[in-house]
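Student:
Residue numbers (mature numbering (1 follows the signal peptide of the UniProt record, and there is no 0)): -17 to -1, 1 to 85.
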């Protein structure tokens, strides 16, 4: 368990030092001054936020796809109903013509 913070410090400090050297602001200065816990918490929060955004985008894409599929199904159903009506009308016309011939 104690190795995890050390691993985070090894990962966060070089990045924080680079950010501070490049004028990275308060987060870089805080992590660079030895506050590895704050830096790793900020990194974890950033990763969580990124994951949430990705999840939200995926859900929105899935919703748009569901709406599109529903629209396609409704259009096909409408076309099928129209075709069926035409077939029934043709059949009625044929029956009427046959009855008139008799």
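Yeah, the Cβ is synthetic: ideal placement off N, Cα and C, and Gly gets one too.
All values reported here derive from a predicted model rather than from experimental measurement.
1. How is residue 52 classed by DSSP in three states: helix, strand or coil?
2. Taking the alpha-carbon positions, what's the residue 67 to residue 61 distance?
3. Does DSSP put residue 67 in a helix, a strand or coil?
4. Rounded to the nearest angstrom, what separates residue 77 and residue 64 at their Cα positions?
5. With a CB to CB cut of under 7 angstroms and the five nearest residues on each side skipped, what residues in its chain are close to residue 39?
Tutor: Taking the geometry as given:
1. As a working note, residue 52 is residue 69 in the chain shown. Residue state, collapsed to three classes: helix.
2. As a first step, residue 67 is located in the chain shown; it is residue number 84 there, counting from the start. As a first step, residue 61 is located in the chain shown; it is residue number 78 there, counting from the start. Approximately 10 angstroms, taken between the alpha carbons.
3. For the purposes of this step, residue 67 is taken as residue 84 along the chain shown, with counting starting at 1. Three-state result, residue 67: helix.
4. Taking the chain shown and counting its residues from 1, the one referred to as residue 77 is at position 94. Taking the chain shown and counting its residues from 1, the one referred to as residue 64 is at position 81. Near 20 angstroms, if we compare the C-alpha coordinates of residue 64 and residue 77.
5. Your numbering for residue 39 matches position 56 in the chain shown. The answer is none, since no qualifying residue turns up.
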